[in-house]
Structures are given as C-alpha cells and as structure tokens.
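Engineer: Numbering (our numbering), first residue to last: 276 to 528.
C-beta atoms are modelled at their ideal positions from N, C-alpha and C, and glycine is treated no differently.
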Ligand SMILES: Cc1cc2nc3c(=O)[nH]c(=O)nc-3n(C[C@H](O)[C@H](O)[C@H](O)COP(=O)(O)OP(=O)(O)OC[C@H]3O[C@@H](n4cnc5c(N)ncnc54)[C@H](O)[C@@H]3O)c2cc1C
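1. Measuring from the CB of residue 330, is there a heavy atom of ligand 1 at a distance below 7 Å?
2. Just how far apart, CA to CA, sit residue 495 and residue 323?
3. Where do the N-terminal and C-terminal ends of the beta strand (DSSP E) with residue 453 fall, by residue?
4. Tell me which residue opens and which closes the beta strand (DSSP E) that residue 301 is part of.
5. Residue 516 bridges to which residues according to DSSP?
6. Quick check: is any heavy atom of ligand 2 less than 7 Å from the C-beta of residue 354?
7. Since residue 372 and residue 442 are thought to touch, with beta carbons under 8 Å apart, how far apart are those beta carbons, to the nearest angstrom?
8. Is residue 447 a contact residue of ligand 1, with contact defined as CB to any heavy atom under 7 Å?
9. Going by other Cβ atoms of all chains shown within 10 Å of its Cβ, with 16 needed for buried, is residue 240 buried or exposed?
10. Per DSSP, what kind of secondary structure is residue 315 in: helix, strand or coil?
11. Is it buried or exposed for residue 525, if we count other Cβ within 10 angstroms and need 16 for buried?
12. Which residue's Cα is closest to the Cα of residue 416: 523, 385, 423?
13. Can you find the residues in the same chain that come closer than 7 Å, C-beta to C-beta, to residue 288, ignoring five residues on each side of it along the sequence?
14. Give me the DSSP bridge partner(s) of residue 526.
15. Using three-state DSSP, classify residue 350 as helix, strand or coil.
16. Relative to ligand 1, is the shortest distance from any of its heavy atoms to the C-beta of residue 489 smaller than 7 Å?
17. The beta strand (DSSP E) that contains residue 361, what's its start and end?
18. For residue 470, does the three-state DSSP call read helix, strand or coil?
19. When you compare each of 328, 302, 296, 284 to residue 276 by their alpha carbons, which one comes out closest?
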C-alpha cells in the first residue's frame, strides 16, 4: 500500500458506548470530499505496517471534521489496536472516498418513502445522510430502522433525535424504529427479515413496502443484508441497478 495515497490526521474526540463500540472524530483535510453514505479508508500503523480498513463516514459532508462509529473485534487486526485510540493520536486517511450507498444512485423522480435499515455500526452511513438537508427534501417518509442485540448497543439514540429536530425540522414523516434482538420484551425483537416477512415492521411504522413507493437501503451484517434482500424481493421489490429498482446494499464484511 503506497503511503502517498494517505494524509495523516489527528484524533480530536473518542466516545466509548460499550466495551465493543466506540466513535471517534478526526481532523478533515480540505481535499477529502465525500457524499453522504460513502466510506473512507482509514489506516493505522501496527508494528511498522499500515493496516487499512473501510469506514462509513458518520459526519455530514458539510462538517469540518470526520466522525466514525466502530466495532471492536477482539482478534481483529485493525480494531484490536484501534480500540486503544486516544485524543491526539494520528491516523492515516486515504485521500479519496468510496462507495455507492448514496441517494445519487436513484433515478428521479424519487418515490415517497425511504427506508434505512441498519444492523450495528451499519447505522453510520445513514447518520450522514440524515445530516444532509437534501435527504429530507427528497422523501415524504423516512424510516430509520436500527437493529442491535442488546439495548446497551443502541448508540446514537439521542443524536438521532437531535438530527431529526435540526435537519428534519418541519418534516413530519420521520420514524426511528429500534429492534433489540436479545430482548424478548422489546417492541420489535426478531431479525429484520422475519419482521418484514411477517409484516410486523410495516405494522410498527404504518407504511408498506411497495415497489412503486419505496426505496430501501441496507447496511451492516452480510447475513442480515442477504436475508433482508430476499424478504424484500418476495414483496416485489427489486435491486437497484443503473438507477432503477428499490434496494441498495452495503456489506461490512
Ligand atoms: C464499505 C465498508 C464500510 C465499513 N464501515 C464500517 C464502519 O463504519 N464501522 C465499522 O465498525 N466497521 C465498518 N466496516 C468494517 C471494517 O472495515 C472492519 O472490518 C472492522 O473495522 C474490523 O476490522 P478488523 O481488522 O478488526 O477485523 P476484520 O478482520 O476486518 O474482521 C473480522 C470479523 O469481524 C467481524 N466484523 C467486521 N466488521 C464488523 C462490524 N462493523 N460489526 C460487527 N462485526 C464486524 C466479521 O465477522 C469479520 O469477519 C466497513 C466495511 C466495509 C466493506
């Protein structure tokens, strides 16, 4: 990996949500441009070697700094080291951004409803999209569905409310729908594909998945992405290709 492709950035903030989830904010160089929903490639020096991983940007494209939301994989080459990150540390940032999980991939005119379905840290690109006024202008209904295992893993809940109040001011069609898969007392606690197949998610939101009116974005765990994709296809929705179709996905591993 050529080091010239990277700039060196400073860590400005670290927030730990749980032992295995944290967020960090770093300086943003002027040359680093991205569209809401895209990812950066972040590098860390481990024993003299640059280890690089993809990270969806949480921040809005208009922010002066870059925020990210990370898992800790105990044996992971990257995150077992990244978990010790402190303010003032240096990280490498590849100079260009990547990814197609953006609203630009959909052809105009857009339908009414946007469904953003995330597991775990797959929430990140959707936070960026929700901090872009364009997202709010484009859709009548925006449903952010966030699936985690335990309530303690529901990071960013207050921020989501703040973002909706700030960016979605005057927009009455936003719903935040948490799913807690290991809490049988949670209002929604089954896996996303099951909640789609049995109609419980639509019931909770009060809207239906419809090829004519829905765009659906999926991000996170590849098993969830695959199974949810299949459940949506059963409902007549199609993969988005060359602008047409409902479903867009990003797998994290
Ligand atoms: C396009 C893209 C965007 C990504 N954005 C993010 C992001 O915003 N935040 C983030 O934490 N990760 C993100 N990832 C995953 C990230 O690149 C690394 O896989 C993660 O940081 C773990 O790195 P590692 O070297 O410690 O473990 P790896 O060797 O990369 O992964 C080991 C195993 O850990 C598990 N795993 C990896 N990532 C996750 C995760 N996010 N949540 C739960 N289990 C996981 C999988 O089972 C994987 O096989 C993204 C991946 C892609 C492809």
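Structural biologist: A quick look at the data gives this:
1. The residue labelled residue 330 in the question sits at position 55 within the chain shown. Indeed, a heavy atom of ligand 1 lies less than 7 Å from the Cβ.
2. Mapped onto the chain shown, residue 495 falls at position 220. Mapped onto the chain shown, residue 323 falls at position 48. Those two C-alpha atoms are separated by around 30 Å.
3. On the chain shown, position 178 is the one that residue 453 refers to. 449-455 is the span of the beta strand (DSSP E), which, as asked, contains residue 453.
4. Taking the first residue of the chain shown as 1, we reach residue 301 at position 26. Here the beta strand (DSSP E) through residue 301 covers 296-302.
5. Reading the chain shown from its first residue, position 241 is the one you call residue 516. Partner(s): 519.
6. Although ligand 2 was asked about, the structure shown includes only ligand 1 as ligands.
7. Counted from its first residue, the chain shown places residue 372 at position 97. Counted from its first residue, the chain shown places residue 442 at position 167. Not really, about 21 Å apart at Cβ, beyond 8 Å.
8. Mapped onto the chain shown, residue 447 falls at position 172. No, since every heavy atom of ligand 1 falls outside the 7 Å radius drawn around the Cβ of residue 447.
9. Residue 240 falls outside the range modelled here, since the chain spans only 276 to 528, and no answer is possible.
10. Indexing the chain shown from 1 puts residue 315 at position 40. Residue 315 falls in the strand class under three-state DSSP.
11. Sequence index remark: in the chain shown, residue 525 carries index 250 (1-based). It is buried - the Cβ of residue 525 has at least 16 other Cβ atoms within 10 Å.
12. Taking the first residue of the chain shown as 1, we reach residue 416 at position 141. It is 385.
13. What you label residue 288 is simply residue 13 of the chain shown in a count that begins at 1. Closer than 7 Å at Cβ, skipping near neighbours: 299, 300, 362.
14. Reading the chain shown from its first residue, position 251 is the one you call residue 526. BP columns for residue 526 point to 495.
15. The residue given as residue 350 occupies position 75 in the chain shown. It is coil, neither helix nor strand.
16. On the chain shown, position 214 is the one that residue 489 refers to. The answer is no for residue 489.
17. Taking the first residue of the chain shown as position 1, residue 361 is located at position 86. Element bounds for residue 361: n/a, residue is neither H nor E.
18. The residue given as residue 470 occupies position 195 in the chain shown. In this structure, residue 470 counts as helix in the three-state DSSP scheme.
19. Residue mapping note: residue 276 aligns to position 1 of the chain shown, counting from 1. Cα-wise, what sits closest to residue 276 is 328.
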